[in-house]
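Q: Going by the working numbering, the first residue of the sequence shown is number 99, and it counts up by one from there.
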Amino acid sequence: MTPSPTGRRETRDGHDSIVLDRTFRAPIESVWAAVTESDRLERWIGTWTGDPTSGSVLFRMNAEGDDTKPETFTIHECVPPRRITLTSQVVGEENVWHFVLELTEADGTTTLTFSQSVPDAEVATGVGPGWEYYLDRLVAAETGADVAALDFGDYHPAQSDHYRALFA
Numbered sequence: 099m100t101p102s103p104t105g106r107r108e109t110r111d112g113h114d115s116i117v118l119d120r121t122f123r124a125p126i127e128s129v130w131a132a133v134t135e136s137d138r139l140e141r142w143i144g145t146w147t148g149d150p151t152s153g154s155v156l157f158r159m160n161a162e163g164d165d166t167k168p169e170t171f172t173i174h175e176c177v178p179p180r181r182i183t184l185t186s187q188v189v190g191e192e193n194v195w196h197f198v199l200e201l202t203e204a205d206g207t208t209t210l211t212f213s214q215s216v217p218d219a220e221v222a223t224g225v226g227p228g229w230e231y232y233l234d235r236l237v238a239a240e241t242g243a244d245v246a247a248l249d250f251g252d253y254h255p256a257q258s259d260h261y262r263a264l265f266a
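(1) Between the C-alpha atoms of Val117 and Arg107, what's the straight-line distance to the nearest angstrom?
(2) Enumerate, from N- to C-terminal direction, the unbroken beta strand (DSSP E) stretches of 3 or more residues contained entirely within the stretch 170-250.
(3) Three-state secondary structure (DSSP) at Ser102?
(4) Please identify the residue among Val155, Pro178, Asp259 and Ile182 whose C-alpha is closest to the C-alpha of Val221.
(5) Are the CB atoms of Leu199 and Arg181 within a distance shorter than 8 Å?
(6) Note down, in chain order, each residue of its chain lying with its Cβ closer than 7 Å to the Cβ of Thr172, except the 5 sequence neighbours on either side.
(7) Could you confirm whether any beta carbon from chain C is found closer than 8 Å to the beta carbon of Arg120?
(8) Specify the secondary structure class of Glu135 as computed by DSSP and reduced to three states.
Quick look at the structure:
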């Protein structure tokens, strides 16, 4: 079953970006931990190593296969538990990606607004469905659902046209 795409295009911190929201019936501190603590990230996307107080960490995705290259994530702004801005670069590659994660809480519900810079429509066809998939894995991890039950094949290429159109 293909989930409906939820992403939109916005300019975030000066970059054309794909922006997605997810809501959680949880305190903001819990959602913040789910997107910043390595052991919590491991449940849905990957792990990081290093010392974040140095301004960067090495991140490796865990659902992309064993030969996934680590990425250096540089932390530009960190305002717990509300906002973090990052850039990443796969070791040995030139592309730099800009990320913004913002959290708000109201009446026991926390909203995560996630964005990643996208340079063009063709890149958006993979980035958009990819983040739909990973953010749904985050929701599954935080609600106790089976993260492994989500299949990337349900997202890509089925959602690609939506994201291509956003950046055409």
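C-beta: ideal position from N, C-alpha, C; glycine also.
Just so you know, these numbers come straight off a predicted model, no measurement behind them.
A: Put simply:
(1) Taking the sequence shown and counting its residues from 1, one reaches residue 117 at position 19. Taking the sequence shown and counting its residues from 1, one reaches residue 107 at position 9. Distance between the alpha carbons of Val117 and Arg107 is about 6 Å.
(2) 181-188, 195-204 and 207-215
(3) Position 4 of the sequence shown, counted from the first residue, corresponds to residue 102. DSSP, read as helix, strand or coil, puts Ser102 in coil.
(4) Counting from 1 along the sequence shown, the entry for residue 221 is found at position 123. Ranking the options by Cα distance to Val221, first place goes to Asp259.
(5) Stepping through the sequence shown from its first residue, residue 181 is reached at position 83. Stepping through the sequence shown from its first residue, residue 199 is reached at position 101. Yes, the Cβ-Cβ distance between Arg181 and Leu199 is below 8 Å.
(6) As a first step, residue 172 is located in the sequence shown; it is residue number 74 there, counting from the start. Gly153, Ser154, Leu184 and Thr185, listed in sequence order.
(7) Annotation note: the requested chain C is absent from the structure, which comprises a single protein chain.
(8) For this step, residue 135 is matched to residue 37 along the sequence shown. Three-state DSSP puts Glu135 in coil, outside helix and strand.
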